[in-house]
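Chains as they are written, first to last, in UniProt numbering: chain L, 1 to 421; chain C, 1 to 421. Note that CB positions come from ideal geometry on N, CA and C, so glycine has one too.
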């Protein structure tokens, strides 16, 4: 049988998977091992052109153990969460045959064959931009393709969920709901797509990566502490979120931006309120996060109807969702007014992603940033500018789900050695 | 009748009233006019030697209108809240007679006579240290004495409550409960003393007055917004606080510091969580407040049992309640390590109030602050110092309730002119 021969074939698959940002938040597990949440959540998938994980996975009879490299560094695959994903995938693997290459792998062989995983984020891992969600989703998606797993995305989402809860929502583009499910084994705790990325395609997203010197509480331990100690979290999960989920689905269906913004902001704030209600309290937002919220709230109030929604995950970074391109342009002007780069920063590395928004805002060089006038809504109370409080901005939009990259040149694995290129 | 004669007599009374800090928080009214809260609250009265309002009130047939001076500046008494207090007090005034001075005021005269009020805080009004609580309590207390109002403190508390909710708790020393009451007219929404200031007299309180450039949301409008928009506030008021009130009363009775600290911190955090759950969200704590909490939490964890409780009102200032003098000394060393004064600050104006704590901490001059070693609990993660993030510290303790100052020289009113001295 080929898989046990001494042949040195290497079979590999490369995939790209997006990150996502929750607009109705996931915070709190009812089962720590299976990663089952205490409430449904809803997210927007972000355009993988600006934020994604690319993962190449390979299998070969020559590999002697499962190995993984993340952003150029070898990391251990021995963690329970990786192992859960690998076990679930291997148990669902199907026979594979490539007659030309003389490769034949039976369902049983998959249990014995080792894999190599090489993964890369096109954004800084440390920036707190849900890299683990995209990473685990990409690991599961690419391995499922490699192992010829015939389950649909929804079943795959239940596997990715066991690697990192919010990873399950990265298996679809557009708007995604993670249904908490009822089963003890977690089989019905899956992600489903509410609408694809074309459904509401005038939304524009700007992420403010906020400078922070504080070490943040990991979301795993933070949500465990919240479930154990917050007197408010149960009320949120049982009474508040179920209503918001119904409302958010309707709002997305109708593309009702003002209602979308109100719900998104309220749910982000409530998640952080629950963090504060935890013992010891958890602070993910800092003064810069607060200032960004104040800027958006002031502007939205001034306009009479929301132009921008804000949402913050387990860190100080703001994800700002604009009604449309025009609102995004006005938002970027405001952001650059309040949070200009330090004088020695290159504007080109300060606003990344979809740079056409910067162009629309009439900003080409640092002197244009310096020349920005205070927004009209700040007329009465003159405001300060805060250079250096934001590390950089990423301009992006809602995006598509995972894809296989068929172009061999995009593989991160050397097809001869099975090691990172 | 004397009160309507052309005689120029001036009758005056001077009183001193403490501030208080809630350990179970008041946040949210069920009646805006009568100032009736949605839950009970419990506070500690602070030593008036360090934080108090002194108010002199005078009455004279020569006065042509009600007038008030606060910290040297004339302010209007026309606000509804002042007017409510004045009306309530006048309606309860009793006949007064001073035969020597030839003054006789009947109950009916009080309705027509005008008052002058001169009030002074022995701490910066703008620092957000509950100056309105002490101020309104002192206004009501001193006018009640002047007008010979024969109601007990508890009835007076219901009048002070109509001036500023938390003012009702400043009518007693020690530990005070504001009972929310049930009556629509507010007659049973009163303060009662749980224990006097001698009951638990080893507690030491250090207040960190935190520098802030942000304009804060007034607590009046903030709590209105919370009641109208926070999905969590009702659950807090109905389900969480009633249990905490019972527990806190027991904890105070038993002088159980670890339980006191846990409850106090948890309730402060939950109040701020409700603020964050408000639309638009309200941020009273800033990065410095968060750092103070982290410092205390880390130390408490390191000691195995709480040494210090923290609580924050509607602003970034921390009120830190230490188990005893030794804990307060260790706390002050930590605070001065993390938050030293700017190099040009005089240490004597940086730590005010009971300076013996500073002496116990072995700190006499700036070089002693500079020489402070990092606290042992920070061993693993070296920490930054943040000069200038705290404006100053006030060392104090639980204190007594309002008193009349009989020494005429302490009056703030010129007995000849009826105007501020």
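Selection from the options that minimises the alpha carbon distance to residue i
| i | options | result |
| --- | --- | --- |
| residue 163 of chain L | L:141, L:72, L:324, L:24 | L:141 |
| residue 391 of chain C | C:288, C:91, C:301, C:174 | C:288 |
| residue 393 of chain L | L:99, L:26, L:123, L:74 | L:123 |
| residue 131 of chain L | L:347, L:315, L:409, L:177 | L:315 |
| residue 282 of chain C | L:356, L:206, L:168, L:272 | L:272 |
| residue 166 of chain L | L:414, L:403, L:24, L:318 | L:24 |
| residue 353 of chain C | C:293, C:262, C:209 | C:209 |
| residue 263 of chain C | C:327, C:243, C:71, C:402 | C:243 |
| residue 234 of chain C | C:26, C:8, C:13 | C:26 |
| residue 50 of chain L | L:158, L:355, L:375, L:81 | L:355 |
| residue 129 of chain C | C:21, C:79, C:108, C:226 | C:21 |
| residue 184 of chain C | C:37, C:57, C:83 | C:37 |
| residue 211 of chain C | C:154, C:179, C:245, C:292 | C:292 |
| residue 169 of chain L | L:409, L:402, L:414 | L:402 |
| residue 119 of chain C | C:245, C:90, C:68 | C:68 |
| residue 409 of chain L | L:421, L:74, L:295, L:219 | L:421 |
| residue 398 of chain L | L:57, L:203, L:74, L:39 | L:203 |
| residue 386 of chain C | C:295, C:92, C:414, C:418 | C:295 |
| residue 105 of chain C | C:153, C:157, C:9 | C:9 |
| residue 90 of chain L | L:290, L:400, L:66 | L:66 |
Neighbour list for residue i in chain C, Cβ cutoff strictly below 7 Å
| i | result |
| --- | --- |
| residue 472 of chain L | In the structure displayed, chain L extends from 1 to 421; residue 472 of chain L sits before or after that span and is not available. |
| residue 42 of chain L | By Cβ distance, chain C contributes nothing, its closest Cβ being about 17 Å from residue 42 of chain L, past 7 Å. |
| residue 320 of chain L | Simply none; closest approach about 15 Å. |
| residue 266 of chain L | 279 |
Cβ distance (whole Å) where residue i is taken to contact residue j below 8 Å
| i | j | result |
| --- | --- | --- |
| residue 274 of chain C | residue 232 of chain C | 6 Å |
| residue 53 of chain C | residue 412 of chain C | No, residue 53 of chain C and residue 412 of chain C are not in contact; Cβ-Cβ is about 11 Å, not under 8 Å. |
| residue 121 of chain L | residue 134 of chain L | 7 Å |
| residue 136 of chain C | residue 85 of chain C | 7 Å |
| residue 328 of chain L | residue 357 of chain L | 5 Å |
| residue 306 of chain L | residue 257 of chain L | 7 Å |
| residue 177 of chain L | residue 40 of chain L | 6 Å |
Residue i, enclosing alpha helix (DSSP H) - first and last residue
| i | result |
| --- | --- |
| residue 297 of chain C | 287-303 |
| residue 219 of chain C | 219-229 |
| residue 360 of chain L | 356-360 |
| residue 157 of chain C | 153-161 |
| residue 193 of chain C | No alpha helix (DSSP H) contains residue 193 of chain C, which is instead part of the beta strand (DSSP E) from 191-195. |
| residue 67 of chain C | Where residue 67 of chain C is concerned, there is no enclosing alpha helix (DSSP H), although the beta strand (DSSP E) it sits in stretches over 67-70. |
| residue 264 of chain C | 257-276 |
| residue 370 of chain L | 366-370 |
| residue 144 of chain C | 131-146 |
| residue 413 of chain C | Element bounds for residue 413 of chain C: n/a, residue is neither H nor E. |
Beta strand (DSSP E) segment containing residue i, residue limits
| i | result |
| --- | --- |
| residue 353 of chain C | 351-353 |
| residue 12 of chain C | 11-18 |
| residue 107 of chain L | Not the beta strand (DSSP E): residue 107 of chain L falls in the alpha helix (DSSP H), residues 107-112. |
| residue 29 of chain C | 29-31 |
| residue 97 of chain C | 96-98 |
| residue 311 of chain L | 308-311 |
| residue 91 of chain L | No beta strand (DSSP E) holds residue 91 of chain L; the alpha helix (DSSP H) holding it covers 80-92. |
| residue 318 of chain L | 318-322 |
| residue 392 of chain C | 390-396 |
| residue 342 of chain L | That residue, residue 342 of chain L, is in no beta strand (DSSP E); it is neither H nor E in DSSP. |
Residue i: contacting residues in chain C (beta-carbon distance under 8 Å)
| i | result |
| --- | --- |
| residue 374 of chain L | In chain order: nothing, as chain C lies at least about 16 Å away. |
Chain L contact residues for residue i, given Cβ-Cβ distances below 9 Å
| i | result |
| --- | --- |
| residue 232 of chain C | 232, 235, 236, 240, 270, 273, 274, 277 |
Flag this pair as touching only if the region 8-20 of chain C and the region 361-372 of chain C have three or more C-beta atom pairs under 8 Å; answer yes or no. Contact between the region 8-20 of chain C and the region 361-372 of chain C is absent, because fewer than three Cβ pairs lie under 8 Å.
Between the region 99-114 of chain C and the region 56-70 of chain C, do three or more beta carbon pairs fall short of 8 Å? Between the region 99-114 of chain C and the region 56-70 of chain C there are three or more inter-stretch CB-CB distances shorter than 8 Å, so the stretches are counted as touching.
Are the region 92-108 of chain L and the region 143-150 of chain L touching, with three or more C-beta to C-beta distances below 8 Å? Contact between the region 92-108 of chain L and the region 143-150 of chain L is present, because at least three Cβ pairs lie under 8 Å.
In chain order, what residues of the region 276-307 of chain C put their CB closer than 7 Å to some CB of chain D? The displayed structure is made up of protein chains L and C, and chain D is not among them.
For the region 170-187 of chain L and the region 195-209 of chain L, state whether three or more C-beta atom pairs, one from each stretch, are separated by less than 8 Å. yes
Hey, is the region 248-267 of chain L in contact with the region 303-321 of chain L, meaning 3+ C-beta pairs nearer than 8 Å? yes
Are the region 360-368 of chain L and the region 335-348 of chain L in contact at 8 Å, needing three or more beta carbon pairs? yes
Tell me, please, whether the region 237-244 of chain L touches the region 316-323 of chain L by the rule of three or more beta-carbon pairs shorter than 8 Å. Output reads no: the region 316-323 of chain L does not touch the region 237-244 of chain L.
Report yes or no: do the region 249-256 of chain L and the region 240-258 of chain C share at least 3 C-beta pairs separated by less than 8 Å? no
Within the chosen definition, does the region 292-306 of chain L reach the region 286-304 of chain C through at least 3 CB pairs nearer than 8 Å? no
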